[in-house]
Amino acid sequence: MTPTRFIEIWKYRYHKYTDMLLSVCHWLYDFLKIKFYKLLHPNKQLIGVLLAEHFGDIVACEPISRELKKKYPNSKVFWIVRKPYRELLDFNPNVDFVVEEFSIFYSMLMIKKHPFDVLHNCHLSGLRRYNYLRKTLQNPQAISLNILTDNYFNHGNILEVFAKVGGLPVLKEVPKIYIPQSVITTVDRLKLPQKFIVMHCHSNYSPKDWQVYYWERLANDLLMNFDYSVIEIGLKSTLSISQQGYINLCGKLSLLETAEVIKRADFFIGIDSGPAHFANAVGTYGFLLFGKLGDFNHYMPYSGEYEAKTNAKFIVKEGEPCSELEYDEVWNVISERVESAVL
1 MTPTRFIEIW KYRYHKYTDM LLSVCHWLYD FLKIKFYKLL HPNKQLIGVL LAEHFGDIVA
61 CEPISRELKK KYPNSKVFWI VRKPYRELLD FNPNVDFVVE EFSIFYSMLM IKKHPFDVLH
121 NCHLSGLRRY NYLRKTLQNP QAISLNILTD NYFNHGNILE VFAKVGGLPV LKEVPKIYIP
181 QSVITTVDRL KLPQKFIVMH CHSNYSPKDW QVYYWERLAN DLLMNFDYSV IEIGLKSTLS
241 ISQQGYINLC GKLSLLETAE VIKRADFFIG IDSGPAHFAN AVGTYGFLLF GKLGDFNHYM
301 PYSGEYEAKT NAKFIVKEGE PCSELEYDEV WNVISERVES AVL
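Counting from 1, one number per residue, gives the positions in the sequence shown under full-length UniProt numbering.
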């Protein structure tokens, strides 16, 4: 064994055991803290929800928090979530406590031994992997229902599926976003144009994405043909657009600020991603670019008006990924609808 390899192995072991130890410490701290809360409030039912990611899933499953308050009227609801997404829950009046997930191992420990009267695990089995142990988070309820990573969209939209695997009734409600005044004030300071279209071009899974040069062409055509500005949102832009009226807000907004910008837009154009769930929740008309996803030729992630297609138009590439959508297939649908809105 070379000295370099020896150092690499021990660095890995150090990071592994440090992460595992910290995960145990965070789990134990939260376990004892919640148990102590129960001692102080013995008549309250403590209800846990484990849905730590991704942010579109959390947005789509907001109705679960309302369902829990109906199901357990004398309860306190604790929602376990990854830190980057906690702001989606911080202002939800139906979530009493937001618990930050330190790691996937932390959640594994919480499933094995939790301090709640009831814990609803809304994750699918096998989807979240803790690499240091080469193990995945499991959900026996999902397995018993035969709701698996390769067939879950055959069982309904995200809200329906995650409610089922969490041991809850099938829910049909429209999700809500709770945006505080501080976020509204922050977005006011951006002095957005009066009329604009929001575009979101990239998801966290590349097979869902459309071609970059088509996005650039679409933005330029919208700016040239209609009296709307175009605002791009997301983590990072790969577009090169110099035309007046294009505004790049990628990487400049928090999640809730993004939701507020989408709420103010006349239209939302995007792929299957978290911001599309925002658009559904805030009631902005959406154009959704879809295609085949893995084994799913047809799938519906959304509930409410997007599922009913009363406030959205799905532009679908049958039997092929979204990237194979031709430009005219998208432009013809969007331009017709935007033109009718102008008239």
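No residue lacks a Cβ here, since even glycine has one placed at the ideal position from N, Cα and C.
In this text, all values refer to a predicted model and were calculated from it rather than measured experimentally.
Contained alpha helix (DSSP H) runs [length at least 4] in the stretch 152–180, N- to C-terminal order:
Those alpha helix (DSSP H) runs which fall completely within the stretch 152–180 and span 4+ residues are 158–165.
Classify threonine 284: buried if its beta carbon has 16 or more other beta carbons within 10 angstroms, exposed otherwise.
Threonine 284 sits buried, since 16 or more C-beta atoms from the chains shown fall within 10 Å of its C-beta.
Which ranges would you report for the alpha helix (DSSP H) in the stretch 228–278 if only whole runs of at least 4 residues count?
Those alpha helix (DSSP H) runs which fall completely within the stretch 228–278 and span 4+ residues are 255–264.
If you follow the alpha helix (DSSP H) that glutamate 62 is in, where does it begin and where does it stop?
Residues 62–71.
Would you report the Cα separation of serine 206 and arginine 86, rounded to the nearest angstrom?
Approximately 25 angstroms, taken between the alpha carbons.
What does a CB cutoff of less than 6 angstroms around phenylalanine 102 pick up in its chain, not counting 5 residues either side in sequence?
Cβ within range, chain order: Ser23, His26.
Alpha carbon to alpha carbon, how far is phenylalanine 296 from valine 338?
Each residue's CA atom was taken as its position, placing phenylalanine 296 and valine 338 some 30 angstroms apart.
Nearest by alpha-carbon distance to leucine 159: which of His15, Leu137, Leu124 is it?
Distances from the CA of leucine 159 to each of His15, Leu137, Leu124 were compared; the closest alpha carbon is that of Leu124.
Host beta strand (DSSP E) of isoleucine 111 (start-end)
Boundaries for isoleucine 111: no beta strand (DSSP E) harbours it, while the alpha helix (DSSP H) harbouring it runs 104–112, taken from the DSSP string.
Close beta carbons around asparagine 92, own chain, < 6 angstroms, minus the five adjacent residues each side:
Only Ser65, Tyr178 meet the Cβ criterion.
Just the Cα atoms here: how many angstroms apart are leucine 51 and lysine 112?
Taking the straight line from one Cα to the other gives about 16 angstroms.
Take proline 169 as the anchor and find which of Gly274, Leu68, Pro275 has the nearest alpha-carbon.
Closest option to proline 169, Cα to Cα, is Leu68.
Identify whether tyrosine 130 lies in helix, strand or coil by the three-state DSSP scheme.
Tyrosine 130 falls in the strand class under three-state DSSP.
To which residues of the same chain is glycine 274 closer than 7 angstroms at the C-beta, ignoring the five residues directly before and after it?
Counting only Cβ-Cβ distances below 7 angstroms, and skipping sequence neighbours, we find His54, Phe55, Gly56, Val59.
Aspartate 266 and tyrosine 228 closer than 8 angstroms at C-beta
Yes; because the gap between Cβ atoms is below 8 angstroms, this pair is in contact.
Spatial neighbours of aspartate 30 within its chain, please: C-beta separation below 7 angstroms, excluding the five flanking residues on both sides.
Contacts found: Val99.
When you compare each of Lys292, Phe105, Lys83 to glycine 319 by their alpha carbons, which one comes out closest?
Comparing Cα-Cα distances from glycine 319 to each of Lys292, Phe105, Lys83, the minimum goes to Lys292.
Which class does arginine 86 belong to by DSSP, given the choice of helix, strand or coil?
In this structure, arginine 86 counts as coil in the three-state DSSP scheme.
Chain-order list of residues whose beta-carbon lies under 8 angstroms from that of valine 333 (same chain, five-residue window excluded):
For valine 333, where only same-chain residues beyond five positions count, the Cβ hits under 8 angstroms are Phe287, Lys313, Ile315.
Quick one: what does DSSP say threonine 284 is sitting in, helix, strand or coil?
Here DSSP, grouped into helix, strand and coil, assigns threonine 284 to coil.
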